[in-house]
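For the sequence shown, this note's numbering assigns the number 139 to the initial residue and increments by one for each residue that follows.
First up is the structure itself, then whatever we jot down about it.
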Amino acid sequence: QHYFTVLFGHEGQKPLELRCEDEVDGDEWVEAIHQASYSDILIEREVLMQKYIHLVQIVETEKIAANQLRHQLEDQDTEIERLKSEIVALNKTKEKMRPYQGNQEDEDPDIKKIKKVQSFMRGWLCRRKWKTIVQDYICSPHAESMRKRNQIVFNMVEAESEYVHQLYVLVNCFLRPLRMAASSKKPPISHDDVSSIFLNSETIMFLHEIFHQGLKARIANWPTLILADLFDILLPMLNIYQEFVRNHQYSLQVLANCKQNRDFDKLLKQYEANPACEGRMLETFLTYPMFQIPRYIITLHELLAHTPHEHVERKSLEFAKSKLEELSRVMHDEVSDTENIRKNLAIERTIVEGCDILLDTSQTFIRQGSLIQVPSVERGKLSKVRLGSLSLKKEGERQCFLFTKHFLICTRSSGGKLHLLKTGGVLSLIECTLIEETDAS
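Okay, structure coming up:
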């Protein structure tokens, strides 16, 4: 058996001793309470600072590499200018030689052969020089970066084509048939449930069909690839994803409830048997849009890594990436907050007396489980202080809930309902001190 004690900062409140039947369970409780402390926030802040310093070092390294590339390009430009000067000089020499061309018929045949060999050698040397320049560029870091950039764009077009196909299957194999079924005489599903399950799905499909057509038009103009204006059109419309993501968990719950209807479940299995679904369930298609914004962020990050700093669309791509990251953070926070509120309300409904502190949106659920509450001991004698109806000589099982700000202790009645302890049922963690006792004696 494993014991641990919770001390309170204010006077008048006696220590709370708790016991677990399982030592592992007790360690998990202690670890969970420790994780709710402010010191963990400081540690996370230090880790983030280390990551920030690492990213700054990476940025500096990329700047140095960019400067080296600029110097290489300047050297190539100088070489090109020198070759142009040589060509101009050769042309001038050729112009000067024209007056003597009239006398070529009188020249010696051997002289003509020598001139022809010299002309051939000059042409061969010029071609070899240009071949060397082209080969040097092909092997240069700039050319390698451009090849990788083009490959990223081609992969992006393929991924977008696959995503549009997935949305097409979702809308045409599930949404529209279910709408028709909801309008039948004996509907297996209501129109409200269809709207809840497929919120904004059709709009998202139309949006990405337009975006996909724009990408294919850009590929048709290869090697000139300008993508920033497409993202400028896409960004203002991505707010519809917020509603979809916010509604996603609820849509799956509605779908699960609808599956309790045998007629609906049978109809849904017929739709899922469509060859276009390739054996995938409706839940799978509803999940695909959840990952599209993060996929765009990763693609833009890779694209920017191979886009020169002086590139015409670098600033536009950076702006699009920042907007997508901001939207992703907002959606993640909304999903987390929504799930936390639903969890807190579910716990609050299980407590007969209710619990107002669970209505606080900043109250985050951490852990729940059963613990054994033991009588407090002071100097080898049982304390006169008792929590709730706990007997002086008996241990009692308690249903406990740990949140970021409070610790709830409940008893479970014979009917399975939860009741907060009348004394010490709601404990504020800011006033508590945790003492771990590994020795049961």
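In this text, a Cβ means the ideal position worked out from N, Cα and C, and glycines have one as well.
Small disclaimer: the values here were computed from a predicted structure and weren't measured.
Do the CB positions of residue 154 and residue 507 come within less than 8 Å of each other? Along the sequence shown, read from residue 1 onward, the residue named residue 154 stands at position 16. Along the sequence shown, read from residue 1 onward, the residue named residue 507 stands at position 369. No, the Cβ-Cβ distance between residue 154 and residue 507 is not below 8 Å.
Which residue marks the beginning of the beta strand (DSSP E) containing residue 433, and which one marks its end? Within the sequence shown, numbered from 1, the residue matching residue 433 stands at position 295. Residue 433 -> not in any beta strand (DSSP E); alpha helix (DSSP H) instead, spanning 430 to 443.
Just confirm the distance between the C-beta atoms of residue 298 and residue 349, as a whole number of angstroms; I'd bet it's less than 8 Å. On the sequence shown, position 160 is the one that residue 298 refers to. On the sequence shown, position 211 is the one that residue 349 refers to. Contact flag correct, Cβ pair sits at about 7 Å.
Item to complete: Just confirm the distance between the C-beta atoms of residue 179 and residue 540, as a whole number of angstroms; I'd bet it's less than 8 Å.
Response: Here the question's residue 179 lines up with position 41 in the sequence shown. Here the question's residue 540 lines up with position 402 in the sequence shown. About 17 Å separates the two Cβ atoms, so there is no contact after all.
Tell me whether the region 316 to 327 and the region 393 to 405 touch, counting them as touching only if at least three CB pairs, one residue from each stretch, are closer than 8 Å. Because the criterion of three Cβ pairs below 8 Å is met, the region 316 to 327 and the region 393 to 405 touch.
Next on the checklist: Whole angstroms are fine: how far does the CA of residue 572 sit from the CA of residue 145?
Outcome noted: In the sequence shown, the residue the question calls residue 145 occupies position 7. In the sequence shown, the residue the question calls residue 572 occupies position 434. Those two C-alpha atoms are separated by around 6 Å.
Give me the Cβ distance between residue 353 and residue 295, rounded to the nearest whole Å; I'm assuming they're in contact under 8 Å. What you label residue 353 is simply residue 215 of the sequence shown in a count that begins at 1. What you label residue 295 is simply residue 157 of the sequence shown in a count that begins at 1. Indeed, because the Cβ distance is near 5 Å, the residues count as touching under 8 Å.
TODO: Kindly indicate which residue of 291, 278, 231, 414 has the alpha-carbon position closest to the one of residue 358.
DONE: Within the sequence shown, residue 358 is the residue found at index 220, counting from 1. Scanning 291, 278, 231, 414 for the CA closest to the CA of residue 358 turns up 291.
Problem set entry | 8 Å Cβ cutoff met for residue 444 and residue 286 | Position 306 of the sequence shown holds residue 444. Position 148 of the sequence shown holds residue 286. Here residue 444 is near residue 286, since their CB atoms are less than 8 Å apart.
**Prompt:** When DSSP builds the beta bridges, which residues end up paired with residue 572?
**Reply:** Reading the sequence shown from its first residue, position 434 is the one you call residue 572. According to DSSP, residue 572 shares a beta bridge with 144.
Legend entry - Contacting residues, own chain, Cβ-Cβ under 6 Å from residue 369 (five flanking each side not counted): Here residue 369 corresponds to residue number 231 of the sequence shown, with the count starting at 1. Within its own chain, the residues whose Cβ lies closer than 6 Å to the Cβ of residue 369, once the five positions on either side in sequence are excluded, are 458, listed in chain order.
Decide yes or no for the touch test of the region 250 to 266 against the region 416 to 435: beta carbon pairs closer than 8 Å, at least 3 of them.
No, because fewer than three Cβ pairs between the region 250 to 266 and the region 416 to 435 fall closer than 8 Å, the two stretches do not touch.
Assigned secondary structure, residue 551 (DSSP; H/G/I helix, E/B strand, else coil):
Taking the first residue of the sequence shown as position 1, residue 551 is located at position 413. Of the three classes helix, strand and coil, the one that applies to residue 551 here is coil, per DSSP.
Around the Cβ of residue 619, are there at least 16 other Cβ atoms within 10 angstroms (buried) or fewer (exposed)?
There is simply no residue 619 to check, as the chain begins at 139 and stops at 579 in what is shown.
Self-check item: Contiguous alpha helix (DSSP H) assignments of at least 4 residues, all confined to the region 312 to 376
Solution: DSSP runs (the alpha helix (DSSP H)) wholly in the region 312 to 376: 314 to 320, 329 to 335, 339 to 358, 366 to 372.
- Taking DSSP as the reference, what is the three-state secondary structure of residue 516? For the purposes of this step, residue 516 is identified with residue 378 of the sequence shown, where counting begins at 1. Caution is warranted here: a pLDDT of 46 is assigned to residue 516, below 50, making its placement in the model unreliable, and the coordinate value is therefore given only provisionally. In the structure shown, residue 516 sits in a strand (DSSP, three-state: E or B).
Next on the checklist: Less than 8 Å between the beta carbons of residue 451 and residue 365, yes or no?
Outcome noted: As a position in the sequence shown, residue 451 is number 313, starting the count at 1. As a position in the sequence shown, residue 365 is number 227, starting the count at 1. Here residue 451 is near residue 365, since their CB atoms are less than 8 Å apart.
- Just the C-alpha distance for residue 231 and residue 253, rounded to the nearest angstrom, thanks. Counting from one through the sequence shown, the residue named residue 231 turns up at place 93. Counting from one through the sequence shown, the residue named residue 253 turns up at place 115. Cα to Cα, the separation comes out at about 14 Å.
Self-check item: Neighbour-count burial assignment, residue 469, 16 or more Cβ in a 10 Å radius
Solution: By one-based count along the sequence shown, residue 469 stands at place 331. Burial call: buried.
Whole runs of the beta strand (DSSP E) within the region 143 to 225, excluding any shorter than 3 residues: Listed in chain order, the beta strand (DSSP E) elements of length 3 or more contained wholly in the region 143 to 225 are 154 to 158.
Are at least three pairs of beta-carbons, each pair with one atom in the region 275 to 283 and one in the region 203 to 223, less than 8 Å apart? By the Cβ rule, the region 275 to 283 counts as touching the region 203 to 223, because three or more pairs are nearer than 8 Å.
Unbroken beta strand (DSSP E) run spanning residue 556, endpoints = Position 418 of the sequence shown, counted from the start, is the residue given in the question as residue 556. For residue 556, the enclosing beta strand (DSSP E) starts and ends at 556 to 558.
On the criterion of 16 or more Cβ atoms from any shown chain inside 10 Å, does residue 389 qualify as buried, or is it exposed?
Mapped onto the sequence shown, residue 389 falls at position 251. Residue 389 comes out buried.
Practice task
Tell me, to the nearest whole angstrom, how far the beta carbon of residue 435 is from that of residue 462; I am working on the premise that it is less than 8 Å.
Solution key: Position 297 of the sequence shown, counted from the start, is the residue given in the question as residue 435. Position 324 of the sequence shown, counted from the start, is the residue given in the question as residue 462. Yes, they are in contact, since the Cβ atoms of residue 435 and residue 462 sit about 5 Å apart, within 8 Å.
Would you check if the distance between the CB atom of residue 512 and the CB atom of residue 555 is smaller than 8 Å? One-based indexing of the sequence shown puts residue 512 at position 374. One-based indexing of the sequence shown puts residue 555 at position 417. Taking C-beta atoms as the reference points, residue 512 and residue 555 fail to come closer than 8 Å.
### Segment limits, alpha helix (DSSP H) that includes residue 304
Counting from one through the sequence shown, the residue named residue 304 turns up at place 166. Residues 279 to 308.
| request: Please classify residue 538: does DSSP put it in a helix, a strand, or coil? | output: As a first step, residue 538 must be located in the sequence shown, where it is residue number 400. DSSP places residue 538 in strand when its eight states are reduced to three.
Practice task
Give a yes or no on whether the minimum CB-CB distance between residue 558 and chain D is below 8 Å.
Solution key: Annotation note: the requested chain D is absent from the structure, which comprises a single protein chain.
Opposing strand residues paired with residue 545 [DSSP bridges] | By 1-based counting over the sequence shown, the position of residue 545 is 407. Looking at the DSSP assignment, residue 545 forms a beta bridge with 540, 565.
Worksheet entry | Residue nearest to residue 293 in terms of C-alpha spacing, selected from 334, 413, 440 | As a first step, residue 293 must be located in the sequence shown, where it is residue number 155. Residue nearest to residue 293 within the set 334, 413, 440 is 440 (criterion: CA-CA distance).
- Regarding residue 343 and the ligand ATP, is the C-beta to nearest heavy atom distance less than 7 Å? The ligand ATP is absent from the structure shown, which contains no ligands of any kind.
- In this structure, does DSSP put residue 507 in helix, strand or coil? Position 369 of the sequence shown, counting from 1, holds the residue named residue 507. It is a strand residue.
Distance between residue 560 and residue 525 (C-alpha atoms, nearest Å)
The count along the sequence shown starts at 1 and reaches residue 525 at position 387. The count along the sequence shown starts at 1 and reaches residue 560 at position 422. With a pLDDT of only 44 at residue 525, under 50, the local geometry of the prediction cannot be trusted, and the value read off the model is given with reservation. When only Cα atoms are considered, residue 525 and residue 560 end up about 8 Å apart.
- Contact the region 300 to 312 vs the region 373 to 383: 3+ CB pairs below 8 Å: The region 300 to 312 vs the region 373 to 383: no contact.
Three-state secondary structure assigned by DSSP to residue 523: Position 385 of the sequence shown holds residue 523. The predicted model places residue 523 with a pLDDT of 41, which falls under 50 and marks its position as unreliable; any figure quoted below should be read in that light. DSSP places residue 523 in coil when its eight states are reduced to three.
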